[in-house]
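Participant: First the structure, then my questions, so here it is.
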Amino acid sequence: MHETVRAKEKLHLETQKLNDERDSLRANLLDNNNKLDALRKLSDGSSKSMDLTKKAIHLSQSELEKYRKNNDDLQKEIDRIKTEQAEQDDKQEQRGAITHGNFDAFHRMKINNLKAELYMSKENRDSLKDELLALKKKLYTLEQKK
Numbered sequence: 001m002h003e004t005v006r007a008k009e010k011l012h013l014e015t016q017k018l019n020d021e022r023d024s025l026r027a028n029l030l031d032n033n034n035k036l037d038a039l040r041k042l043s044d045g046s047s048k049s050m051d052l053t054k055k056a057i058h059l060s061q062s063e064l065e066k067y068r069k070n071n072d073d074l075q076k077e078i079d080r081i082k083t084e085q086a087e088q089d090d091k092q093e094q095r096g097a098i099t100h101g102n103f104d105a106f107h108r109m110k111i112n113n114l115k116a117e118l119y120m121s122k123e124n125r126d127s128l129k130d131e132l133l134a135l136k137k138k139l140y141t142l143e144q145k146k
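Here UniProt numbering is used: the first residue of the sequence shown is 1, the next is one more, and so on.
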């Protein structure tokens with residue numbers, strides 16, 4: 001009889017020990033599941049952020065291309081006006097007309113306006129380049145964190 005009581009106590013202790021171990025494993029599993037959920041949310045957020053950054057970079061690149069084209073067009077216009085001005089100057093010198101000064105002043109003013117536009121476009125282009133570089137760095141950093 002004494003042995004059955006001891007066996008019962010032993011079984012009871014083993015059962016208690018196994019129950020404690022099971023509870024510990026459940027708590028561990030719950031903790032790991034919570035960590036996994038947090039990592040998934042972080043990963044989803046990072047992916048969305050990378051996608052938005054990529055879109056922003058593509059948009060910045062297309063804007064940069066527009067500004068480059070605009071700068072090229074303005075430079076061509078300046079070159080064309082300079083050529084026209086040189087031709088007009090030659091014609092005016094040949095004619096000896098008094099209106100040469102007015103015509104020359106008009107073209108100088110137009111050239112100065114175009115130079116100002118070109119300067120502003122170059123400034124915009126440079127700021128877009130800086131913004132694009134910053135976005136590329138951010139994208140690279142985000143990709144490195146993955």
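Even for Gly, the Cβ is constructed at its ideal location relative to N, Cα and C.
1) Comparing alpha-carbon positions, which option in 63, 142, 38, 116 lies nearest residue 127?
2) Apart from the five residues on each side of it in sequence, which residues of its chain come closer than 6 Å, Cβ to Cβ, to residue 50?
3) Please state the DSSP three-state secondary structure of residue 98.
4) Note down the Cα distance separating residue 33 from residue 43, rounded to an integer number of angstroms.
5) Considering only the alpha carbon of each residue, which of 107, 9, 10 lies closest to residue 83?
6) Taking DSSP as the reference, what is the three-state secondary structure of residue 1?
Facilitator: For this structure:
1) 63
2) 142
3) Because the pLDDT of residue 98 is 49, which lies under 50, any placement of that residue in the model is unreliable, and the number read from its coordinates should be weighed accordingly. Reduced to three states, the DSSP call for residue 98 is coil.
4) 15 Å
5) 107
6) coil
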